[in-house]
Amino acid sequence: MNDRIDEIRTEAEAAIAAAPDSAALEHTRIQYLGRKAELPNLLRGVAELPPEQRGAVGKAANQARQTLDRLIEARAGELAAQELDAKLVEDRVDVTLPGDPPPSIGRLHLLTTTRREIEDIFIGLGFNVAEGPEIETVYYNFDALNHDVTHPARGRTDTFYAGPDVVLRTHTSPMQIRAMELQCPPIYIIVPGRVYRRDSDITHTPQFHQIEGLAVDTDITLADLQGTLLAFARATFGEERQVRLRPHFFPFTEPSVEVDVSCFNCKDGTTADGRRCPLCKGTAWIEILGAGMVDPNVFAYVRQHGYDPERIQGFAFGMGIERIAMLKHGVPDLRLFFDNDIRFLEQFG
Ligand code: PHE
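Right, dumping it as structure tokens:
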């Protein structure tokens, strides 16, 4: 009897060791230890054996069963580990990889790219970028910028009032005063931002964007303004550009100028095929901004912050971002910037 037990054990041990996967192992377990298998049967029959055999057979059969139980358990652990490894290889996910970037939808608005391009040019010339409030006091928007009390821009037909002394800023120039209050000279800043005027037609929208420039130092002259704007014009519209200054008037600059850039669409006002240039209207020049030397009356408002008009000078300029973008990209209608028509937006950025 004990020989048979040894035989079963040897056979079962080999089968356990050879089981290729958990399912096969379970099959082997049922084959040798299941309810109808020989070894358990044998164990159940021990009681019927002659008393002198019971001890030895019972002990051998029990040991065999325990051994097989242990071997099956060990092999099951091994197989489960192997199967897990295989599964991990099969559906490998490398969690250290960056996630799938979302398909790039959307793009920067033409006004944003234009603003950034202009900022980059002036940063390259040594200017800092500053920003100011869009809701402004009459003091900063008009008074401290030397506007006469009768100046038409103060009127409610031109300007949005949010209170008796509060307006939506009509230009970025109020930041000239705010910046000088905060920082003594020298100062070299540009100020991009939204501005508001009660105007609405093909070339005017109630809200648009400007970039202000302000440079205050000792020995600043109109030539510095011209040189700075020439560098800007060439960086924006091409290296062959020229600029010219025409006399103009602004309350807060003296002298004041309007600045033109030489037309980049024609030669001397005539296109290559001999027509009058539609961009410069045959004049060979295109107006791009207003500028001038900071009026000493303006410095008087910030004299206590270190701006003594006897010691320092400055130039200032203000340009419309939409206008620059329209010229540069041939945008025919100002309202296209704000309609958000995808066919327009998709052409830029
Ligand atoms: N603020 C003026 C405007 O909006 C432009 C300007 C700025 C002119 C700075 C001179 C100096 O028309």
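According to my numbering, the stretch in the sequence shown is residues 710 to 1058, in order.
Cβ atoms here follow ideal geometry from the backbone N, Cα and C, with glycine treated the same way.
These figures come from a predicted structure and were not determined experimentally.
Check: Contacting residues, own chain, Cβ-Cβ under 7 Å from Q935 (five flanking each side not counted); Outcome: V952, L954
Check: Residues of its chain near T914, where Cβ-Cβ distance is below 7 Å and the 5 sequence neighbours each way are ignored; Outcome: L1043, R1044, F1047
Check: beta-carbon G902 near the ligand PHE non-hydrogen atom, thresh 7 Å; Outcome: no
Check: Nonlocal neighbours in the same chain, by C-beta distance under 6 Å from R887, ignoring five residues either side; Outcome: G841
Check: Top-ranked residue by Cα proximity to F917, from I896, T879, E1055, Y1010; Outcome: T879
Check: Check: G864 C-beta below 7 Å from any heavy atom of the ligand PHE; Outcome: no
Check: Nearest residue (CA-CA) to I827, options D800, R1052, G1029; Outcome: G1029
Check: Range covered by the beta strand (DSSP E) that runs through D715; Outcome: Not the beta strand (DSSP E): D715 falls in the alpha helix (DSSP H), residues 711-727.
Check: Rounded separation between T962 and R1020 - CA only; Outcome: 17 Å
Check: CB of T667 within 8 Å of CB of V847, strictly; Outcome: No information on residue 667 is available, as it lies outside the stretch 710 to 1058 that the chain covers here.
Check: Start-end ranges of the alpha helix (DSSP H) lying completely within the region 762-845, minimum 4 residues; Outcome: 819-833
Check: Coil, strand or helix - A1034 by DSSP; Outcome: helix
Check: C-alpha gap between I814 and G1058, whole angstroms; Outcome: 11 Å
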